[in-house]
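Next up, the structure:
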C-alpha cells in the first residue's frame, strides 16, 4: 500500500457544518450513533471504495445503523446501495472504533468482507464515483482514516481505538 498522507475529510467550514447538522439529526433520532463500514475485497484482492457527493475523498462503503436494524442488516443494505455488492462469505468484524471527530457518542464497526459486484455502480446524487482498486495503487484523495484502516487491516500497525 502506498504511504500517502491522505485527505482530511473534515476540511472546510461548510463541510464541517454539514456534518455537524447531519450528525445532530442522527443524535436526536437515534440517541447514540452507530455506523458500519466494510473493507470489501473482490476475488482479485482489490478493495472497493466510494466517493460521495457531499464530502471529499474516497471511503470504504458504509453508513448508519437505523432503529430496528441490526448491524449486519445495515452492512448488507449499505453494500448493496453504495456498490451493488453482495457478500460471498460472512463478514468478519475487524474492530470497533470511537469516532469522536463526529460526535461524543459515535461508534463505527469495521468489517472485512469478501464481495461480488452484481452490476456496475452508476453515479447518482450520493455516490459520484465507485470502484475496485489495488491496495498498493489507490486513487488520489483517499481519506486519512481510510488509509489508517487499511494499514491496520494489513497488519502494518495495531488497530486504533479512535476512528
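Residue numbers (the UniProt record's numbering): 1 to 163. Even glycine gets a Cβ: it sits at the ideal position worked out from N, Cα and C.
A contact between stretches requires three or more CB pairs, one per stretch, nearer than 8 angstroms, and the segment 90–105 fails this requirement with the segment 49–68.
Close CB contacts of residue 11 within its chain, under the 7 angstroms cut and outside five residues either way in sequence, are with 56 (chain order).
Looking at 85, 90, 106, the one whose alpha-carbon comes closest to that of residue 116 is 85.
For residue 93 and residue 13, the gap between their C-alpha atoms comes out near 33 angstroms.
At a Cβ-Cβ threshold of 7 angstroms, residue 87 and residue 113 count as neighbours. Residue nearest to residue 71 within the set 18, 15, 111 is 111 (criterion: CA-CA distance).
Residue pairing by DSSP places residue 106 opposite 33 in a beta bridge. A direct Cα-Cα distance of roughly 11 angstroms separates residue 69 from residue 34. DSSP places residue 73 in the helix class (H, G or I) of the three-state scheme.
Here residue 97 carries a strand assignment [DSSP, helix/strand/coil]. A distance below 6 angstroms between beta-carbons, with the five flanking residues on each side excluded, links residue 121 to the following residues of its chain, in chain order: 83, 84, 130. Residue 143 is positioned such that its CB atom lies closer than 7 angstroms to that of residue 59. Classified as buried, residue 106 has 16 or more neighbouring CB atoms from the shown chains inside 10 Å of its CB. For the pair residue 134 and residue 46, the CB atoms are nearer than the 7 angstroms cut-off. Looking at the backbone, the Cα of residue 22 and that of residue 32 are separated by about 14 angstroms.
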